[in-house]
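Okay, structure first, notes after.
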Amino acid sequence: MRVALPKPLEIHDLTVAYQQKPVLYGIDLEVEPGSLVGIIGPNGAGKSTLIKAIMGIMKSVDGYVKVFGDSSRKALTRVGYVPQRESVDWDFPVTAMDVVLMGRFGHIGWFKRISKRDRSFASECLEQMNMLPYANRQIGNLSGGQQQRVFLARALAQQSDLYLMDEPFEGVDAITEKAIVDLLKNLRNQGKTLMVVHHDLSTAKDYFDHLALLNLRLVAYGKTEDVFTHDLLQKTYGGKLTVLSEVGSRKLNEKQPTPEAL
Amino acid sequence: MFLPIWKKLKYMLLILVLSKEASVLKAAQISSESDKDWINQAIRFWTFTDPSIQIIALGAILIGINCGLMGGYVVSRRLSMFGDTLSHAVLPGIAVGFMFSQSKNEAVLMIGATLSGFLGVGIISLLKRHTKMKEDSAMGLVLSGFYALGICLITYLQQSPNGGTSGLESYLFGSLVGLSDRDLVPLCFCLSLIIICFILLNKELLLSGFDPSFARSVGLPVDILQFCIWILMAFCIVSSLQVIGVVLVSALLIIPASTAGLLTYRMSQILVYSGILGALSGIVGCFLSFMGERLPAGPVIVLCSTLLFLAVLFFSPARGILPSWFRTRRRGQRIRFENTLKACYQVLESRSFSSQSFPQTALAQRRGKSDAEIEKEIGVLIREGYATRQEFPTEQKSELPSETMVSLTPSGWEIASRMIRNHRLWELYLTKEASYAPDHVHDDAEKIEHVIGEKTVRQIERILDNPQRDPHGKPIPSQDDIDRGWLSPPLVADK
Amino acid sequence: MLDFAEALLDPWSTREQVIWNLQIVFMGMMVSLSCGLVGCFVVVRRMALLGDAVSHGILPGIVTAYLITDSLSIGPVWIGACLAGLGCGASIEWLRTKTPLREDAAMGLTFTSFFALGIVLLSLEAGATHLDPACFLYGEIGLTPLSPKLELWGLPSGNQALWNMGVVCLTTMISVIVFYRFLLVTSFDCSLARSLGMPVIWIQYGLMLLLALVVVASFESVGVILVLAMMILPPVSSAFLFHRLPSILMCCLPLSIFYSVAGLQLAYSMNFPISASMALAGIVIFLPCCLLGPNGGVLTNSKKLKTRKSSRDLSAN
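Protein chains in written order, with the working numbering: chain A, 7 to 268; chain B, 297 to 791; chain C, 2 to 318.
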C-alpha cells in the first residue's frame, strides 16, 4: 500500500475574526504538492487574512490549519513567507544582504556563526533576482520593485517547501513582475507549492494553474480553467453575504461551550 | 578639597529632590494634625463650611471636570501618550516664564508653558514629517529632552540670588494646600473655554477626529480644529499642573475618559460621563487625602479614578466582566438543555411522531451518553417545565426494570422544534447561498442554531423562499408548525 | 577662550577630584550604554513609550520590596521591580486585548496608576522609616562615589554601585550579542521569525525583562524620566549616521562616553543636576545628527531622494 504523502496545506473549517467581525468563515481547502495557487477575491475578502491565519499571525476562532500534516508551530519552518509591502518597516536599519541572510538563519543553526557558504548562497539568491549590485543598500533606499525582489530572494534563501506570498505584484514595475512570474513557475517546476495573493483578474488566468476564489468564504477552488468562469467570478465579486457576516459576528460575541455532536 | 565637592553635590541633590516630582509627596498633605477625630473631620469636609475646604474641593472638582472632558477627545483620538508628552514638555516654559516675570505670575507662566508645550508638539510633528523617526521615539525624545531642560533651568533658577522659588515649586508640582481662590480663575476660564468649544464645534470636532480626509473634503478646516484641540489640551494641562503634577495630569486625562468609554459608545455621553467621573474622583481623592495623615492628594485622586475604572470594568451591567461571565454561564446551561430538547425531537422524528412520549433509553442511545447522564439532563428539563416523565411497566414480564417514558410539554416542544428549524435552515442557507458542501455545514449549524435569533431566521426563510427540506432531505418545521404545537397535521402528513 | 578651558579642567584639577569624577563618569557611561543597547531594540520595535511606561510602573514593586525586606539591598528591589514591571506589561496587554481600550489608553492608564500607587505606598510608610524617596526615585549619580566599598577576599575592590551597574551592563551586552539574531529577526519581521521556528513571544518577554533590569539598575542613577532619554537618544542619533543595526549598536559606546563626560562638564560649569545634563548633552549631539546625518538627515534628505530616484531608474533597466 502506498502511504499518502501529507498535503502541503490542509485547512478545515477555518474561521478568523478581526475586531469582532468575521473575515473568513468556514474555509475548507486542501492543496496538492507542486501547485501554483492564486488567491483572488474582492478587497476585504480576507485574502491576506487567510495567509496570516496559516502563518499563525492571526488567531483563528474555529477550525485548524495543517502544514505538511502537522498543525504545530514547528511545521512553519517549512514555510517561506513574503509579507505585504506595507507591513514591512522600510526604515529598519538592515541592508538587502542582511534581509536575505535572515532567510538562512534557519539553516545556519542558532548561536553559530554565519559561514562563507551561507553568504555565497545568499549572494546567489540576490543574483538570481538581479539584486546583487544593491546588496549593501539599506532596504528603504530601494525602489518598490527592488524591495519586492529582496524579499523574494530571501524566500529563495529559505529553501522552503511551501511559499506564501502576500500581493507580491503590488506596486512593482513590469520587469520585476516578469521576474517574479518566472520565479514562481520555476519554483513550481521544482515541486514546491506556492500560494500567492493576487488582485488583478486580468493576469490571474495566465500566472496560476490553480485558483482559490475567496470572499468571506471559499467560493471555489480548483484548476484555473475549471474555476475561472463567469458564474463563479460573479459569485465571488457579487457583493457580500450580509446574513453570513452578521450571524458570524453573533457567533463570536457569544462565546459558548464546545458543541456536542449528535 | 574633598569636602566642598561633597557639599556641593549634596546641595545639588537637595535641589534635585525638591525640583522633581518628589515634591508631590510633601506638598499636598491637607489634613491638620490637631484634629484627630476623623468623624468630625469628615463632617467638616463634607459640610464645606471651612472656606479653605471650599476652595480645595472646588479646585479638585474643576480639575476633574476639565481633564475628564478633555480626556474624552484625547482618548478617542488616541492621543493618550501625547497628553503625557505635552505635560512634560511644558516644564521649560514654566521656568522661562518665571525668568521673564521674576515672580509667580500666573498669566506669564501659563503663556510660557503653553508656548513650550506647542514647541514640543511642533518638534514632534517636524521630526515625524522630515525624518524617518517614528512617532513613539519622537514623543519619547521630546518628553525626556524637554523634561531634562526644564529640570536644568529650574535648578539654575533656584540657585540665582533672586529666586523666590517656593511658589514656583508649588506651581510646578502642585499641591492642594497652596490653592488659593486666585488659582481657581484659570480653572474656571479653562472649563468655560472647553465647554464653549465643545458645544459650538461639537459635530465639526467629531467629524474631523473620526475621518479627517472626509472632513477636509467637505471643507472643514481640519488643521485649525486640530490646533484648537492642542490649545485646549495645553490650557487644561497647564492649569491643572499647578494642583496635581506632571505625571498625574495625563492620568486624569486618560482614566475617566477610558472608564466612560467602557460605559457607552456615543461621544456626547462619553464626555458627560467622563466629566462626572473626573469630578467624582477629584472630590473623593481630595476627601481621602484630607482624612489621611500623609496621603498626597494627586496620587490619591488618580488612584480613585483607577478604582472607579476597575469597578466599571468588572461590574458594569452591560459589558462588565462579572456580569458577562454570569451570562456566559447561563448561556452554557441554556445551550445544554436546548441540545437535549433537540435530541428529544430527533427521537420523536425517528419514530415518525407516532406517539407523544418516548423511552428515556432511546434518548440515551441518540445522545451516546450513559443512562445516569441522561437521567440528570431529563431532570433539568423537568425542573424547568419542558418535559414530563412517567414510569410504565414493560409489556413482557422480564428481569428488566420498568421503562421510563418521557414526553415534552408544549413549551419544551416549541424550543425543540425551533432549534431544529434554526439548524436546518442554516444548513440550507450555507449550502444554497454561500456554496458550502452539504457535508460541511453540520458543525457550524450546531453552533449557530443557539444564537441566530428569530429575525435572522425569518430573513433566511425569505431569502430561501420558504423551503420545506434541508440539504439532507429532512423536513424543516415552519413557524406555523411551531405555533400550532404538538403533532400538527402537515408535519405528520409529511412523514 | 581661557575661561572655557578653565571650566573644562575645573572638575579635574586635583587627584581626589579626578578619582571622584571618574567614578561618576564611569557610572554614567555604563548606565547610558546599557540603556542605549536595550533602547536600540526598543526603538526599532516602536515600543519607546512602553519603555517609559515600564520605568514608571516599577515603582510600587520597589517600594513593596523595601517594605517587605526592610532594606535597600539591590536583589529584592530588583525582583520587586521586575515583578511590578511584568505586572504592568501584563495589565497593558490584557486591557488592550480583552477590553475596548486602545493601546495608548491602556498604557497611559496602567503606568500612571502604578506610579500613583507607588507614591501613595511610599508616603504611607516611608514617613516613619528613613527611606528617602529621593535616593531611589530621582537619581543619585552624583553620589556614586559614596556608595559602600566592596571587599572581595579581604581586598578592597571598589565601589558597590559601580559593580552592580557593571554586572547589569555586562549582562546586557552579553544578552544582546548572544541573542542578537533572535532580536533582529523578531523586530524586523515577526512572520519570518515564526517560520524560522523562533519563540516570538518569549523573545518579547525576554526583551521586556532586560528592559526592566536596565531601568531598575539605572534609574537609581538618572531617575524615572531621564532613563527614557538614555534609552531613546543613542539609537535615534546613531540611526542618522549608520544604516545597519550592528553599527548602530556599536555607536552606543562612544555616545555613552560623550554623554557622561559632557554631562559632567555641563553640570559643573552651570550647576545643573548631572543626570539632566547628560540628557541635554544627548540632545546637543542629536541635533547635528538629525540635521546633517548622512543616513536620512533633514538637510541631506533631498540628496538622498535623488539617489533613490536614480536607483529606481537603474532597476528599470
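Ideal Cβ placement from N, Cα and C applies to all residues, glycine included.
Please read all numbers here as calculations on a predicted model, not as lab measurements.
Taking 7 Å as the threshold (beta carbon to beta carbon), is residue i in contact with chain C?
| i | result |
| --- | --- |
| residue 598(B) | yes |
| residue 437(B) | yes |
| residue 592(B) | yes |
| residue 530(B) | no |
| residue 595(B) | yes |
| residue 144(A) | yes |
| residue 112(A) | yes |
| residue 418(B) | no |
| residue 98(A) | yes |
| residue 101(A) | yes |
| residue 61(A) | yes |
| residue 171(A) | no |
| residue 227(A) | no |
| residue 174(A) | no |
So, is the C-beta of residue i closer than 7 Å to a C-beta in chain A?
| i | result |
| --- | --- |
| residue 426(B) | no |
| residue 244(C) | yes |
| residue 768(B) | no |
| residue 719(B) | no |
| residue 169(C) | no |
| residue 186(C) | yes |
Between residue i and residue j, is the Cβ-Cβ spacing less than 7 Å?
| i | j | result |
| --- | --- | --- |
| residue 552(B) | residue 601(B) | yes |
| residue 66(C) | residue 81(C) | yes |
| residue 182(A) | residue 151(A) | yes |
| residue 231(C) | residue 145(C) | no |
| residue 196(C) | residue 82(A) | yes |
| residue 383(B) | residue 598(B) | no |
| residue 550(B) | residue 440(B) | no |
| residue 66(A) | residue 22(A) | yes |
| residue 670(B) | residue 660(B) | yes |
Which residue's Cα is closest to the Cα of residue i: the options?
| i | options | result |
| --- | --- | --- |
| residue 701(B) | 651(B), 707(B), 507(B) and 710(B) | 651(B) |
| residue 555(B) | 492(B), 599(B), 608(B) and 630(B) | 608(B) |
| residue 350(B) | 708(B), 773(B) and 579(B) | 579(B) |
| residue 395(B) | 424(B), 449(B), 362(B) and 417(B) | 449(B) |
| residue 130(A) | 154(A), 103(A), 117(A) and 13(A) | 103(A) |
| residue 193(A) | 98(A), 42(A) and 136(A) | 42(A) |
| residue 805(B) | 685(B), 564(B), 530(B) and 747(B) | In the structure as shown, chain B starts at 297 and stops at 791, and residue 805(B) therefore has no counterpart that could be examined. |
| residue 8(C) | 206(C), 116(C), 142(C) and 267(C) | 267(C) |
| residue 576(B) | 361(B), 337(B) and 345(B) | 361(B) |
| residue 373(B) | 483(B), 762(B), 508(B) and 631(B) | 508(B) |
| residue 337(B) | 720(B), 588(B) and 670(B) | 588(B) |
Any Cβ of chain B within less than 7 Å of the Cβ of residue i?
| i | result |
| --- | --- |
| residue 84(A) | no |
| residue 253(A) | yes |
| residue 179(A) | no |
| residue 15(A) | no |
| residue 310(C) | Only weak support is given to the placement of residue 310(C): the predicted model assigns it a pLDDT of 46, under 50, and the value that follows is read from those uncertain coordinates. False, the Cβ-Cβ gap to chain B never drops below 7 Å. |
Give me the Cβ distance between residue i and residue j, rounded to the nearest whole Å; I'm assuming they're in contact under 8 Å.
| i | j | result |
| --- | --- | --- |
| residue 269(C) | residue 283(C) | Not quite, the Cβ-Cβ distance comes to about 17 Å (not below 8 Å), so this is no contact. |
| residue 204(A) | residue 45(A) | 7 Å |
| residue 453(B) | residue 385(B) | Residue 453(B) to residue 385(B), Cβ: 18 Å. No contact. |
| residue 101(C) | residue 558(B) | 7 Å |
| residue 436(B) | residue 529(B) | Incorrect: roughly 19 Å between the Cβ atoms, too far for contact. |
| residue 160(A) | residue 112(A) | The pair is not a contact, with the Cβ atoms about 11 Å apart (cut-off 8 Å). |
| residue 36(C) | residue 250(C) | Residue 36(C) to residue 250(C), Cβ: 13 Å. No contact. |
To be precise: take each residue of the stretch 554-587 of chain B, compare its Cβ to all Cβ atoms of chain C, and keep it if any distance is under 7 Å. Which residues remain? 554, 557 and 558
Return the residues of the stretch 347-375 of chain B that lie within a Cβ-Cβ distance of less than 8 Å from chain C, sorted by chain order. 371, 374 and 375
Under 9 Å (Cβ pairs) to chain B, residues found in the stretch 29-46 of chain A: 31, 32 and 34
If you measure beta-carbon to beta-carbon, which residues of the stretch 83-97 of chain C are closer than 9 Å to chain B? 96
Taking only beta carbons into account, state which residues of the stretch 199-218 of chain A come closer than 8 Å to chain C, listed in chain order. none
Note down, in chain order, all residues in the stretch 25-59 of chain C with a beta-carbon under 7 Å from any beta-carbon belonging to chain A. 45
Could you run through the stretch 195-211 of chain C and flag, in chain order, every residue whose CB is less than 7 Å away from some CB of chain A? 195, 196, 197 and 198
Within 9 Å of chain B by C-beta, residues of the stretch 224-256 of chain C in sequence order: 224, 225, 226, 227, 228, 229, 230, 231, 232, 233, 234, 236, 237, 240 and 241
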